[in-house]
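Residue numbers (UniProt numbering): 1 to 385.
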């Protein structure tokens, strides 16, 4: 199963058309201050350096309603708005020198009436650019000024209040993603409860036979039309052996093995599986002669070095689509329907091996690290048939 990325790639503001970039900036500005008017002057073509112009209501910022009413009456004939200029540049890079040249191109007559300036670009700004911008604005007598680069724009768009803009301009919604994560989590927990109710609990150590089935297969229970059934089964009998953090653990197969020094060295005879379930109608017939031969070899291993290799498969809860707890006449134990892909088969969570000493009943087990495997048994018996 494909793992979903937990991060968001950088937003490509430079891919927006110039006027669409200006529209995005203007819509972000609506929540920046309280405006009496906000104009998209840049769309007309002749803008005197203005891509957007806004009139901020000065009295509404720090005064309560009664103070505002009194001031409005006292200044009825005066303009109490602050004028802001907004310039937008959809460029991949702007040097400090180029930034200053853009600022110098602002009409001097317009500049004299400005309270604030916001310069916005689709690129990141260096420290030198920020310093040059600040010095220019101080020299121009501006009361307030803002330099918004790519990082600042992303910060604004990733705020919940601007999620609609993030979706409208880039087709990405963090709120929808959060809801999707919430739905996925609910589904995972619901499946976990189903497994606990119908198969086995979190602390249940009793192995229970189950039938894993490809939910999209329609040949069950007949294998006649499946020539590759034994190499790529559409259903198979296994044993449920417990839960792990995000799914269930399945005993896939077990083999007679040798181990030494808690798994520092080990080997196994994987040519024969030793955990066939008696209710498995689809299992290959057991080669009794081979089974006797392998057990004789294993009995020749010193008792303290005898072990059983268990291959454990992991099935994430998300992979489980449904559970039929009663089974059918072919297999009267739980059927677990899975979403199966060609790469991982039944076990999308992967698999690992453990070594269980045969002389102990305390539950001791050791990791079967492939790098620590040695050639102890005859080569013809070591590989899986």
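Glycine included, C-beta positions come from ideal geometry on N, C-alpha and C.
Specify the secondary structure class of residue 238 as computed by DSSP and reduced to three states. strand
State the DSSP-derived secondary structure class of residue 227, mapped to helix, strand or coil. coil
Exposure label - residue 113; buried when at least 16 CB within 10 Å: exposed
Buried or exposed by the 16-neighbour rule on C-beta atoms within 10 Å, applied to residue 255: buried
Is the Cβ-Cβ distance between residue 368 and residue 266 less than 8 Å? yes
Can you grab the Cα-Cα spacing for the pair residue 286 / residue 294, in whole Å? 13 Å
Would you say residue 25 and residue 83 are within 8 Å of each other, going by their C-beta atoms? no
Which residues bound the beta strand (DSSP E) around residue 87? 81-89
Report the option in 335, 11 and 165 whose CA atom is closest to the CA atom of residue 220. 335
To the nearest angstrom, report how far apart residue 375 and residue 382 are at their CA atoms. 8 Å
Collapsed DSSP secondary structure at residue 77 in the structure displayed: With a pLDDT of 47 at residue 77, under the threshold of 50, the modelled position of this residue cannot be trusted, and the question is left open.
For residue 317, which three-state DSSP category applies? helix
When the distance is taken between beta carbons, is residue 92 closer than 8 Å to residue 56? no
Give the DSSP-derived three-state secondary structure of residue 323 in the structure shown. strand
When DSSP labels each residue in this structure, what does residue 18 get in the three-state scheme? helix
Taking C-alpha atoms, which residue in 349, 217 and 276 lies nearest to residue 232? 217
Residue 168 lies in the alpha helix (DSSP H); which residues open and close that run? 163-170
Boundaries (first-last residue) of the alpha helix (DSSP H) holding residue 337: Residue 337 -> not in any alpha helix (DSSP H); beta strand (DSSP E) instead, spanning 335-338.
Could you spell out where the beta strand (DSSP E) holding residue 249 opens and where it closes? 247-260
Any idea if residue 300 is buried or exposed, counting beta-carbon neighbours within 10 angstroms, 16 or more meaning buried? exposed
In terms of alpha-carbon separation, which member of 288, 296, 239 and 30 lies closest to residue 275? 239
Under 8 Å Cβ to Cβ from residue 175, same chain only, skipping five residues before and after it: list those, please. 160 and 163
When we look at the beta-carbon of residue 258 and count the other beta-carbons within 10 Å, is it buried (16 or more) or exposed? buried
Between residue 279 and the rest of its own chain, which residues show a CB-CB distance below 8 Å, the 5 nearest in sequence each way excluded? 209, 237, 331, 332 and 333
Taking the beta carbon of residue 315 as the centre, do at least 16 other beta carbons fall within 10 Å, making it buried, or is it exposed? buried
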